[in-house]
Amino acid sequence: MKILVPIKRTHDPYSKIKLKPDGSGIDTSNIKFVINPFDEIAVEEALRKKEKHGGEVVILSIGTQEAVEQIRTALAMGADRGILVDTAGKTLDQDSIARIMVKIIGEEKPDLVIMGKQAIDDDSNQVGQLLSEYLNWPQATFASKVDIQDKKATVVREVDGGLETVEVDLPAIITTDLRLNQPRYASLPGIMKAKQKPLKVVKLDELGVDITPKVVVEKLETPPERKAGIKVKDVDELIAKLKEMKALPF
Amino acid sequence: MPNGCDFMSQIVSKDIFTPEDLNEEQKMLAQTVEKFMKEEVLAREQEIEEGNHEVVKDLLKKAGELGFFAIEVPQEYGGLGLDKISALVVNEMMMYNTSFAVSSEAHITIGSHPIIFFGNEAQKRKYLPDLAYAKKIAAYALTEPQAGSDALNAKTTATPLNGGEYFVLNGTKQFITNAGFADIFVVFAKVNGKDFTAFIVEREFGVKTGKEEKKMGQKGSSTRQLILEDVKVPKENILGEIGKGHKVALNTLNLGRMRLGGSAGGGGKILTKIALDYAKDRKQFGKPIISFPLIKWKIANMASKTFAIQSSSYRITNLIDQKWLGEKVDEWQAFEEFAVEATILKVGGSEFLWHIVDEAVQIHGGYGYLREYKVENAYRDERVNRIYEGTNEINRLNIPEMILRRAMRGRIDFFGWVQRAQKNLDSPDEIKKQIAEYSAKEELFALEIAKALLLTESQKVFSKFGEEIQNEQEILAAFSDILIGIFLGESAIARATKHKDKPYGRYYENMARFVVHTYWPKIVQSFEIMLLRAGLRLELAEKLYRTLPRIDVVELSREIADTTAEVL
Ligand SMILES: Cc1cc2nc3c(=O)[nH]c(=O)nc-3n(C[C@H](O)[C@H](O)[C@H](O)COP(=O)(O)OP(=O)(O)OC[C@H]3O[C@@H](n4cnc5c(N)ncnc54)[C@H](O)[C@@H]3O)c2cc1C
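Which chain is which? The protein sequence lines are L and G, in order. Our numbering numbers the first residue of the first sequence as 275 and each following residue consecutively. Our numbering numbers the first residue of the second sequence as 408 and each following residue consecutively.
This is the structure in structure tokens:
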């Protein structure tokens with residue numbers, strides 16, 4: 275079974291984010307980058323399925339040359355080869371990303387695509403769904419358990435207040451939720467092996483995908499800073515203050 | 408090809424290896440270890456610091472599975488066989504938790520390297536594959552209750568049995584890291600009470616251990632006596648040759664000292680970040696304390712000292728790599744070649760880290776005194792760095808002793824160096840010309856003059872005292888202090904020079920300058936100690952004082968702190 279895992283280079287969720295002064299994006303000068311955590315879960319799931327059913331895990335990233343670092347990390351975890359679509363720094367919206375993936379999937383013909391449900395940088399939660407639409411493949415989003423048997427995937431999904439189990443025919447798109455698994459560490463021998471694994475770089479222009487954006491990010495803002503609190507003596511004073519602030523329904 | 412002590416008679420190269428030169432794999436190794444430290448080790452820090460050694464053992468096993476200890480084990484024995492820079496990088500990251508770091512060091516650096524360096528084929532095949540992945544854990548047992556600094560004065564005996572088929576070991580080893588759970592001990596004992604010899608002793612041969620020592624710090628590491636009562640060891644487990652135990656013991660310590668000094672760079676970086684974050688957060692008088700100049704000075708001091716340690720440790724570690732990978736000499740010989748530099752790094756690194764951790768506590772104010780804050784722990788943990796792997800006193804004595812021994816044996820051309828130094832002192836403009844392209848060139852010039860003076864003056868001092876110099880420990884220590892300042896300072900300058908044109912070039916230059924200016928009084932004082940004690944004229948030394956231009960260090964400190972606050 276061939277599994278394709280698209281991954282995105284995002285900032286480390288633990289690093290403090292600063293915006294560029296003009297609000298057009300994140301100031302990336304002093305932050306660390308990682309594989310988007312949801313995508314890392316997808317890599318782990320793909321590796322587990324490969325360990326069980328055999329086959330190949332192919333990593334795809336769309337971004338600048340720097341994303342090679344994240345592809346190598348996935349290879350170090352155990353994936354077999356990588357593809358980078360080099361965007362040379364062009365800004366792409368989610369729809370363009372999905373259509374670029376369609377191209378690569380057309381060439382690679384995987385049996386399954388597993389990817390994060392969203393990237394933690396822009397939280398848009400769209401690419402998996404768009405991809406399913408463009409490819410006309412079934413989708414199972416927000417997976418918290420995945421079983422594969424006889425060209426079918428049984429997926430447990432986390433929905434509001436409960437679980438839903440769905441079955442999809444392969445090929446399919448599965449997007450991962452946080453509780454699906456605990457990703458492994460890239461081992462040190464794995465890191466050394468990753469160096470030898472094939473990594474193909476494709477130029478975005480060569481794919482002939484129209485990347486005119488449908489959505490443009492106008493502006494980013496950080497949440498307003500929290501104001502300092504005040505200390506109150508006792509419950510009475512607390513109630514009085516809350517009333518004063520009109521924070522009580524009575 | 409580089410040789411040990413070269414730095415004493417040469418201007419530092421502009422092309423030393425620096426942390427910025429790591430390749431992609433080395434960066435990934437560091438990232439993986441950092442992730443492991445943050446997610447697995449720090450998550451259990453409380454248990455570790457409560458002295459739960461089972462947790463440390465589990466974590467060592469987990470780290471072992473991920474290959475952390477395979478780095479330096481040759482590929483023939485299941486390891487990765489990587490260079491020493493890769494090991495340094497991993498080492499630095501382990502400093503997120505010192506108890507874990509020191510347990511790892513005891514296992515792989517001093518516990519397993521005796522076998523990597525001196526094991527025969529059968530011993531390597533038998534032990535290394537398991538040690539590489541922490542399936543077995545190692546320890547190094549040299550110290551005894553009455554033989555600490557005087558380590559070769561061991562009382563532990565090895566008595567041959569069955570015509571030398573077996574050796575029966577009796578004695579007590581003191582302060583053995585990992586003793587609580589190690590499977591394999593490298594033990595030093597005297598065959599027939601006289602020939603100092605190393606043995607590989609398995610726990611299963613019947614060793615006992617004392618109770619856990621209650622320590623000031625590093626509470627998560629296991630430290631116990633190793634008690635040997637009629638322990639039968641087969642002759643196959645003699646490590647190296649009978650009577651050559653000192654070779655195993657001392658060469659392992661050369662590596663241990665390098666590593667201890669190197670890991671101080673990792674510790675410094677982590678502590679600077681913790682202190683900086685606190686200083687940005689903590690408000691007094693309506694302002695974050697980072698805005699106060701005296702706090703900035705501390706941050707500048709921490710960042711610059713860390714910078715100097717790392718500049719030095721990457722420099723030497725790479726020289727060692729060039730030596731053993733490039734010249735195909737045995738690995739241990741490469742460490743022996745650079746034993747003086749390793750000792751400098753051990754003393755300099757551990758003392759810089761001491762200053763760094765002290766500043767970290769001070770920045771935290773009263774909270775720095777509370778268990779709840781990481782710096783309190785770090786402060787206690789750091790203390791032992793100046794005690795083990797040879798106390799800093801012993802190491803300060805070792806530096807000139809090693810140099811003199813090399814001079815005596817003709818391994819280094821000490822007298823040629825002295826002559827060249829004299830020439831440099833006579834025509835200092837020559838030096839100026841040669842360093843015109845360097846960053847912090849005024850500071851480098853001053854260090855070069857100090858270097859030349861150290862050679863010319865120490866030669867006079869040594870010939871004046873002759874054998875008696877042994878009893879002039881203060882002079883020997885002063886000699887070391889000058890050399891330590893020179894080495895750390897010039898390494899920082901070389902790194903700044905290499906990256907002169909990068910956006911951080913100025914920041915690096917500032918830190919290199921700050922290190923030299925703040926260490927300078929110690930160099931001056933050390934010259935005075937040496938010269939006055941030997942009854943020599945101070946005239947030359949007084950000239951030296953004036954070679955370092957007096958500058959406004961405050962300006963440097965503030966700028967370094969501001970940049971550190973931005974980039975760290
Ligand atoms: C936590 C911990 C872990 C350790 N782990 C290990 C381990 O795994 N394996 C191992 O073999 N050992 C280990 N050691 C032992 C350590 O290496 C020794 O403690 C160290 O070498 C000093 O020996 P000592 O404690 O006997 O001090 P001493 O040698 O008694 O020294 C006492 C003081 O006298 C000074 N002194 C001694 N001789 C001289 C001299 N000639 N001139 C001037 N001053 C002198 C010393 O510098 C020191 O200040 C460990 C120690 C500790 C505390």
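We treat Cβ as the ideally placed atom computed from N, Cα and C, and that holds for glycine. All of these numbers come straight from a predicted model, not from anything done at the bench.
Asked	Found
Between K694(G) and chain L, is there a C-beta pair that is closer than 9 Å?	no
DSSP three-state label for K651(G), please.	coil
Take A853(G) and list the residues in its own chain whose beta-carbon comes closer than 6 Å to its own, dropping the five residues that flank it on each side.	T954, L955
For D508(L), does the three-state DSSP call read helix, strand or coil?	coil
Say the cut is 8 Å; is the CB of L804(G) nearer than that to a heavy atom of ligand 1?	yes
Check each candidate in T584(G), T604(G), Q438(G) and name the one with the smallest Cα separation from D286(L).	Q438(G)
Using the C-alpha atoms, what's the distance from T925(G) back to I958(G)?	11 Å
Is it buried or exposed for K491(G), if we count other Cβ within 10 angstroms and need 16 for buried?	buried
Report the rounded CA-to-CA distance for L405(L) versus K471(L), giving the unit in angstroms.	27 Å
Measure how close the beta-carbons of V332(L) and R355(L) come, nearest whole angstrom, since I'm counting them as under 8 Å.	6 Å
I need the DSSP call for N410(L), collapsed to helix, strand or coil.	coil
What residues in the stretch 723-737 of chain G have a beta carbon less than 7 Å from any beta carbon of chain L?	none
Under a Cβ-count criterion, where at least 16 other Cβ atoms within 10 Å of its own Cβ denotes burial, should V401(L) be classed as buried or exposed?	buried
So, does the stretch 473-480 of chain L touch the stretch 473-493 of chain G, judging by three or more C-beta pairs under 8 Å?	no
In the DSSP assignment, find the beta strand (DSSP E) that holds I336(L) and state where it starts and stops.	330-337
In chain L, which residues lie less than 8 Å from T679(G) when you measure between Cβ atoms?	Within chain L, no residue comes near T679(G); the closest Cβ sits about 14 Å away, beyond 8 Å.
Within the present structure, is the beta-carbon of T630(G) separated from the nearest heavy atom of ligand 1 by less than 8 Å?	yes
My assumption, with CB atoms under 8 Å, is that D451(L) sits in contact with K425(L). Please give the rounded CB distance.	The Cβ separation is near 24 Å, so there is no contact.
Among F821(G), G797(G), F921(G), G668(G), which one has its Cα closest to the Cα of S870(G)?	F821(G)
Using CA coordinates, which residue listed in I277(L), K282(L), K292(L) is at the minimum distance from K324(L)?	I277(L)
Within the 9 Å Cβ cut-off, does R443(G) reach chain L?	The sequence given here places Phe at residue 443(G); Arg does not occur at that position. It does: the Cβ of F443(G) has a partner Cβ on chain L nearer than 9 Å.
Give, in chain order, every residue of the stretch 451-469 of chain L whose Cβ lies closer than 7 Å to some Cβ of chain G.	Y459, A460, S461, L462, P463, I465, M466, K469
In terms of residues, what are the limits of the beta strand (DSSP E) holding V791(G)?	No beta strand (DSSP E) contains V791(G), which DSSP labels as neither H nor E.
Within a Cβ cutoff of 6 Å, which residues of the same chain sit near A541(G), ignoring the five residues on either side of it in sequence?	L467, K468, G471, F476
Quick check: the Cα distance between Y776(G) and E789(G), rounded to an integer number of angstroms?	15 Å
Measure the C-alpha to C-alpha separation of D1006(G) and A548(G) and round it to an integer number of angstroms.	The structure shown has nothing for residue 1006(G), since chain G only spans 408 to 975.
Opposite M389(L) in the DSSP bridges: which residues?	T449(L)
Could you check if T550(G) belongs to the surroundings of ligand 1, using beta carbon to heavy atom distance under 8 Å?	yes
Round the Cβ separation of F742(G) and N805(G) to the nearest angstrom and send it over; I've been treating them as touching at under 8 Å.	About 14 Å separates the two Cβ atoms, so there is no contact after all.
For T970(G), count neighbouring C-beta atoms within 10 Å of its own C-beta (all shown protein chains included) and say buried if the count is 16 or more, exposed if not.	buried
Please indicate yes or no: does the CB of T798(G) lie closer than 8 Å to some heavy atom of ligand 1?	yes
Examine chain L for any beta-carbon lying closer than 9 Å to the beta-carbon of L436(G), and answer yes or no.	yes
Whole angstroms is fine: what's the gap from V868(G)'s alpha carbon to L449(G)'s?	51 Å
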